[in-house]
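> Next up is a structure, given as C-alpha cells.
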Amino acid sequence: MKMIMCRIDPFDDKSISTNLMLKNLSSSKVIFVMVFLTISLLVLPLVLPPLPPPPLMLLFVPVLLMVLLVFLAFTPSQLPNVPITSM
Numbered sequence: 020m021k022m023i024m025c026r027i028d029p030f031d032d033k034s035i036s037t038n039l040m041l042k043n044l045s046s047s048k049v050i051f052v053m054v055f056l057t058i059s060l061l062v063l064p065l066v067l068p069p070l071p072p073p074p075l076m077l078l079f080v081p082v083l084l085m086v087l088l089v090f091l092a093f094t095p096s097q098l099p100n101v102p103i104t105s106m
C-alpha cells in the first residue's frame with residue numbers, strides 16, 4: 020500500500036476558498052441544529068401529554084449536588100505548601 024503525501028499551500032486560493040466553504044458549511048449546520056432544537060422545545064410541550072411530577076427524592080438531587088460543590092469549593096487543599104522560587 021502506497022501512501023500519498025499532499026502538501027497544502029496556505030497561500031493557495033483554492034485551499035483558502037475550500038477552508039471558507041467548510042467553515043460556512045459547518046456554521047450553517049450549527050445554526051440549523053440550534054433552530055431545530057428551539058422549534059422542538061417550543062412545539063413538543065404543546066403536543067406531548069403532561070407528565071406526572073417526579074418523586075420527591077429526585078427533586079433533591081440538584082440541591083445535594085450544589086451543596087457538594089459549595090463544600091468542595093471552600094475546603095482547603097490537602098497538597099503541601101511548596102515554595103516557588105524564581106530563577
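Under our numbering, the first residue of the sequence shown is numbered 20, with each subsequent residue one higher. Positions of the beta carbon are idealized from the N, C-alpha and C atoms, including for glycine.
Helix, strand or coil for V101 per DSSP?
Translated into the one-based positions of the sequence shown, residue 101 becomes position 82. V101 falls in the coil class under three-state DSSP.
> With DSSP collapsed to three states, give me the class of F90.
For the purposes of this step, residue 90 is taken as the residue at position 71 of the sequence shown. It is helical.
> If you reduce the DSSP assignment to three classes, tell me which class P81 lands in.
As a first step, residue 81 is located in the sequence shown; it is residue number 62 there, counting from the start. The answer is helix: DSSP assigns P81 an H, G or I state.
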